[in-house]
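Position one of the sequence shown corresponds to residue 3 (my numbering), numbered consecutively onward. Each residue gets a CB set at the ideal place from its N, CA and C atoms; glycine is no exception.
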Amino acid sequence: MARDLSCTFTGLRFPNPFLLSSAPPTESESNILRAFEAGWGGVVTKTIGMHPVVNVKGPKTKFLRAQPETGALSMNKGRAGALHSSWNWELISDKPLDWWLPRIERIKKAFPDRILIASIMAGSGSESELDHWRTLTRECQKAGADGLELNLSCPHMDRPDMGSNIGKDEALCSFVTQVVKEVATVPVWAKLTPATGDIVAEAGAVFRGGADAVVSSNTFPSLPLVDPDTLEFECNVDGFVSPGGLGGPAILPLSIANMASMTRAFPDKSFSGIGGISEFRDALNYFLLGCGTVQVCTAAMLDHAVGPNVIRRLIEGASAFLDRTPFFETLADCRGHLRDRVVAHSKIRRPDDSDYQGGYEPQEGYAAPDADNR
Ligand SMILES: Cc1cc2nc3c(=O)[nH]c(=O)nc-3n(C[C@H](O)[C@H](O)[C@H](O)COP(=O)(O)O)c2cc1C
Numbered sequence: 003m004a005r006d007l008s009c010t011f012t013g014l015r016f017p018n019p020f021l022l023s024s025a026p027p028t029e030s031e032s033n034i035l036r037a038f039e040a041g042w043g044g045v046v047t048k049t050i051g052m053h054p055v056v057n058v059k060g061p062k063t064k065f066l067r068a069q070p071e072t073g074a075l076s077m078n079k080g081r082a083g084a085l086h087s088s089w090n091w092e093l094i095s096d097k098p099l100d101w102w103l104p105r106i107e108r109i110k111k112a113f114p115d116r117i118l119i120a121s122i123m124a125g126s127g128s129e130s131e132l133d134h135w136r137t138l139t140r141e142c143q144k145a146g147a148d149g150l151e152l153n154l155s156c157p158h159m160d161r162p163d164m165g166s167n168i169g170k171d172e173a174l175c176s177f178v179t180q181v182v183k184e185v186a187t188v189p190v191w192a193k194l195t196p197a198t199g200d201i202v203a204e205a206g207a208v209f210r211g212g213a214d215a216v217v218s219s220n221t222f223p224s225l226p227l228v229d230p231d232t233l234e235f236e237c238n239v240d241g242f243v244s245p246g247g248l249g250g251p252a253i254l255p256l257s258i259a260n261m262a263s264m265t266r267a268f269p270d271k272s273f274s275g276i277g278g279i280s281e282f283r284d285a286l287n288y289f290l291l292g293c294g295t296v297q298v299c300t301a302a303m304l305d306h307a308v309g310p311n312v313i314r315r316l317i318e319g320a321s322a323f324l325d326r327t328p329f330f331e332t333l334a335d336c337r338g339h340l341r342d343r344v345v346a347h348s349k350i351r352r353p354d355d356s357d358y359q360g361g362y363e364p365q366e367g368y369a370a371p372d373a374d375n376r
């Protein structure tokens with residue numbers, strides 16, 4: 003039975019909680035219109051910036067597959083085998099703000115009931131860069147964007163004051179969010195990078211800056227593998243490579259671990275989950291850990307560029323799940339159901355609790371180390 007999957011997230015009403023994330027599937031007006039026709043509840047545009055963008059020569063994205071006979075991972079051995087991940091070194095949109103604005107307006111007119119979030123990015127090292135954030139915010143919301151997603155997570159930036167270099171710095175994260183919030187009239191989401199020691203610190207920082215939601219995450223820092231026959235990286239330009247981002251199935255367990263630590267730290271805040279989702283069972287992990295919406299990139303890229311079959315399966319999968327589960331009436335009911343089941347290692351039962359000292363030597367004459375401080 004088709005279920006009502008509509009939900010409210012950061013004050014916005016979504017027909018379903020499934021979004022295309024900021025990436026090639028959302029890089030053009032025609033893609034976004036096709037995505038909405040296919041049934042996506044929302045889309046986040048490919049990130050819009052103020053600086054000219056020139057991508058590397060050759061492929062910007064490759065897909066790693068586990069070879070059927072050996073399980074070995076490769077980007078260059080054909081399409082047989084199970085998908086492991088996407089690897090990309092693509093920059094943000096190469097189209098300027100002026101190109102995007104009339105398109106945002108037209109898309110919203112064509113699909114007023116769908117949610118269109120503009121992903122934006124600028125630097126943080128000077129007043130003129132902060133003005134870029136303000137301009138992007140004002141212009142995108144004037145064109146009709148329902149919300150903004152701050153790209154604090156692009157892993158391919160040379161500038162030390164942009165992308166994931168902001169996302170690794172608590173003070174900058176908080177400050178940039180605050181600058182945007184001062185001029186924003188629509189909800190502001192902050193997309194964080196997993197390339198940091200403790201993502202909970204950055205989540206706290208953007209919430210202090212006023213973010214309405216945390217989005218996690220962007221791709222994980224990674225290199226293409228070396229081909230043992232040619233001794234070249236499987237993806238390179240003139241033999242050279244630089245770290246790119248890993249997405250797709252391989253990052254699902256990594257990304258939900260980050261998500262769990264943030265939703266446990268901020269149980270009353272809003273989170274949108276990204277990483278490795280292609281089926282409803284993948285998305286369910288994020289909902290059960292406390293997310294209100296989820297976003298998809300790699301799986302959609304591999305399904306007619308905008309994921310018409312992916313969104314159909316997500317919607318059908320969600321309805322079938324609600325039909326058979328005795329636990330929940332709506333998807334919103336599952337939000338955070340398993341959040342408190344992720345605990346410190348010392349809280350996991352041992353065969354005999356009295357034997358375990360949390361890795362510390364018991365000291366003669368003193369009580370056992372306090373489990374809460376381990
Ligand atoms: C080719 C490519 C380009 C991307 N471009 C952007 C971008 O412009 N802005 C952004 O915030 N994330 C970008 N991403 C990251 C995705 O939105 C998403 O966070 C990531 O791929 C993880 O999701 P997945 O496992 O479903 O692929 C890009 C990802 C890929 C593969």
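Check, Outcome
"Between the stretch 230-243 and the stretch 178-192, can you find at least three pairs of beta-carbon atoms closer than 8 Å?", "no"
"What span of residues does the alpha helix (DSSP H) with lysine 193 cover, start to end?", "Element bounds for lysine 193: not the alpha helix (DSSP H) but the beta strand (DSSP E), 190-193."
"For the stretch 204-292, list the alpha helix (DSSP H) runs that are entirely contained and at least 4 residues long, ordered along the chain.", "254-267 and 282-291"
"What does the alpha-carbon distance come out to for the pair valine 175 and leucine 150?", "In the sequence on display, residue 175 carries cysteine and not valine. Roughly 15 Å separates the two Cα atoms."
"Report the three-state DSSP secondary structure of histidine 339 (helix, strand or coil).", "coil"
"For the stretch 32-51 against the stretch 304-318, are there 3 or more C-beta pairs whose distance is under 8 Å?", "yes"
"How is the beta strand (DSSP E) around leucine 150 delimited, first residue to last?", "149-153"
"Using 8 Å as the cut-off, classify the Cβ of methionine 303 as near or not near the heavy atoms of ligand 1, replying yes or no.", "yes"
"Heavy atom of ligand 1 less than 8 Å from the Cβ of glutamine 359, yes or no?", "no"
"Measuring alpha carbon to alpha carbon, tell me which residue in Gly249, Phe268, Lys271 and Pro54 is nearest serine 280.", "Gly249"
"How about serine 2 and threonine 300: do their beta carbons lie closer than 9 Å?", "With the chain running from 3 to 376 in the structure shown, residue 2 is simply not present."
"Counting beta carbon pairs with one atom in the stretch 288-303 and one in the stretch 15-24, are three or more of them shorter than 8 Å?", "yes"
"To the nearest angstrom, how far is the alpha carbon of isoleucine 106 from that of aspartate 6?", "27 Å"
"Which word fits methionine 164, buried or exposed, when buried means at least 16 other C-beta atoms lie within 10 angstroms of its C-beta?", "buried"
"DSSP on alanine 334, reduced to helix/strand/coil?", "helix"
"Rounding to the nearest angstrom, what Cα-Cα distance links phenylalanine 289 and valine 55 in this structure?", "35 Å"
"Is any heavy atom in ligand 1 found nearer than 8 Å to the beta carbon of valine 45?", "no"
"Could you have a look at arginine 67 and say whether DSSP puts it in helix, strand or coil?", "strand"
"With 16 as the cutoff for other CB atoms within 10 Å, does phenylalanine 38 come out buried or exposed?", "buried"
"Counting C-beta neighbours from all protein chains within 10 Å, is the total for methionine 303 16 or more, i.e. buried, or is it exposed?", "buried"
"Considering only the alpha carbon of each residue, which of Arg116, Ala4, Lys144 and Ser274 lies closest to valine 217?", "Ser274"
"Which residue comes first and which comes last in the beta strand (DSSP E) that contains threonine 198?", "No beta strand (DSSP E) contains threonine 198, which DSSP labels as neither H nor E."
"Compare the C-alpha of isoleucine 155 against each of Lys111, Arg136, Asn238 and Glu204 and name the closest.", "Position check: residue 155 holds serine in this sequence, whereas isoleucine was assumed. Cα-wise, what sits closest to serine 155 is Glu204."
"What are the boundary residues of the alpha helix (DSSP H) that glycine 169 is part of?", "166-169"
"Would the stretch 56-74 and the stretch 90-102 be scored as touching if the rule is three or more Cβ pairs under 8 Å?", "yes"
"With distances taken between CB atoms, is the gap from leucine 66 to leucine 85 smaller than 9 Å?", "yes"
"Tell me whether glutamate 204 counts as near ligand 1, meaning its Cβ is closer than 8 Å to at least one heavy atom of that ligand.", "no"
"Considering Cα atoms alone, identify which of Ala320, Ser224 and Arg116 is closest to glycine 146.", "Arg116"
"By DSSP, does leucine 132 sit in helix, in strand, or in coil?", "helix"
"Contact defined as beta carbons within less than 8 Å: I believe valine 45 pairs with leucine 118. What is the distance between those atoms, to the nearest angstrom?", "6 Å"
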